[in-house]
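Since the structure comes first, as C-alpha cells, the remarks are kept for the end.
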Amino acid sequence: MAENDIRAERIKKVELLKKAGMEAYPARSARDATVAEFLTDFEERETSGRRSTLNGRIMSLRRQGGIVFADIFDGSTSLTTGGTGRVQIVLQESEVDKDVFSLFVDTVDTGDFLEVAGVAFKTKRGALSLKVETWRMLAKSLLPIPNEWFGLKDEEKRLRERDIDILMNAELRALVERRAKFWQSVREFYLGKGFMEVETPVLETTFVWRIVAEASSHRGFSKSV
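If you read the sequence shown in the UniProt record's numbering, its first letter stands for residue 1, the second for the next number, and so on.
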C-alpha cells in the first residue's frame, strides 16, 4: 500500500477513536512504572496481582482469534534502569469488554503510542507479559514504522529519519545513551569541583574577522561599512 493510502487509512482510525470518545493525542498519561521496572519487579507484581499502568510504542502486533499480542517499547533500556524496555502485552476478547477489544483491533497499528493497564502474568510459553484490562491511545501514528526484521537499510533514509533509525537500531540507541551518560558524568565532575559551564565558540571553522569583513552595508552612507 502506498504511503499516502496508509496515512489516509490511519486518519480514518483517528476519527473512529473520536467517535468512541477516546482522544487520539491526549496531553497526559497515568503511567506508574516503566517497562524495565515492571520486568524487574515482575514476580512480586504477578504474585500480588497488583495492577500496573505502562505506556510505550507498539513495535509489533499480531492477532490469533480472540487474542491480540503486541510488544511495546518505552526506551527504559539497560543503561538507564537495567531492563530491556520492551514487554509483551496480551488483550483477550473473553477478558475485557467487547467494545474495548473491538476498538483496539480496529484502530491500533504498529508505531502507535499506547497506555495499557492490567496485571502481570506468564503465557503458556513462559513469556513475561501484561494482561491488558484497559487501554488508551496516547498518540496515533499516521505512518508505519519499518519492519523490525529488516529495519532501515537505505543509508540516505537513515540519515534523514534519525528518530526512526534510533528506534529500530538497538546498537545506535545504546551509543546515544552512552554518549549522554559520558557528558553527564563530565558535567557532574566539574560542577563538583566548583566549575561553571558556559557556552563559547572555542572552535570555529570560519574566522570571525572574515564574517565581519563580508558583512557590508551602503544604507545611508557614501562608504561601505
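We put the beta carbon where it would ideally sit given N, CA and C, even for glycine.
Keep in mind the model is a prediction, meaning the values are calculated, not measured.
Sort out for me which residues DSSP pairs residue i with in a bridge.
{"i": "Glu115", "result": "Asn55 and Arg136"}
{"i": "Ser60", "result": "Asp71"}
{"i": "Phe101", "result": "Its beta-bridge partners do not exist; DSSP assigns none."}
{"i": "Arg86", "result": "Phe73"}
{"i": "Ser129", "result": "Gln88 and Phe121"}
I need the straight-line Cα distance from residue i to residue j, nearest angstrom please.
{"i": "Leu91", "j": "Asn147", "result": "22 angstroms"}
{"i": "Arg178", "j": "Ser60", "result": "26 angstroms"}
{"i": "Val105", "j": "Val68", "result": "8 angstroms"}
{"i": "Ile164", "j": "Gly111", "result": "10 angstroms"}
{"i": "Arg62", "j": "Ile89", "result": "11 angstroms"}
{"i": "Asp71", "j": "Leu130", "result": "10 angstroms"}
{"i": "Gln64", "j": "Glu93", "result": "11 angstroms"}
{"i": "Glu133", "j": "Val87", "result": "16 angstroms"}
{"i": "Val119", "j": "Gly85", "result": "17 angstroms"}
{"i": "Lys181", "j": "Asn169", "result": "19 angstroms"}
{"i": "Asp74", "j": "Ala117", "result": "14 angstroms"}
{"i": "Trp135", "j": "Ser185", "result": "38 angstroms"}
{"i": "Leu167", "j": "Phe38", "result": "20 angstroms"}
{"i": "Leu175", "j": "Glu199", "result": "24 angstroms"}
Leaving aside the five residues before and after residue i along the sequence, list all residues of the same chain whose C-beta is less than 7 angstroms from its C-beta, in chain order.
{"i": "Glu9", "result": "none"}
{"i": "Leu138", "result": "Pro26, Ser29, Asn55, Phe113, Leu114 and Glu115"}
Might you give, ordered along the chain, the residues of its own chain that have their beta carbon closer than 8 angstroms to the beta carbon of residue i, omitting 5 neighbours on each side?
{"i": "Leu143", "result": "Glu3, Ile6, Arg7, Arg10 and Gly111"}
Excluding five sequence neighbours on each side, which residues of the same chain lie with their C-beta closer than 6 angstroms to the C-beta of residue i?
{"i": "Ala127", "result": "Gln88"}
**Request:** Please list the segments of the alpha helix (DSSP H) lying wholly inside the stretch 2 to 32, counting only runs of 4 or more residues, in order along the chain.
**Result:** Listed in chain order, the complete alpha helix (DSSP H) runs (minimum 4 residues) inside the stretch 2 to 32 are 3 to 19.
**Request:** Determine, using beta-carbon pairs with one atom in the stretch 31 to 40 and one in the stretch 53 to 69, whether at least three such pairs fall under 8 angstroms.
**Result:** Touching, yes.
**Request:** Could you say if the stretch 39 to 48 and the stretch 88 to 102 meet the contact criterion of at least three C-beta pairs nearer than 8 angstroms?
**Result:** These segments do not touch.
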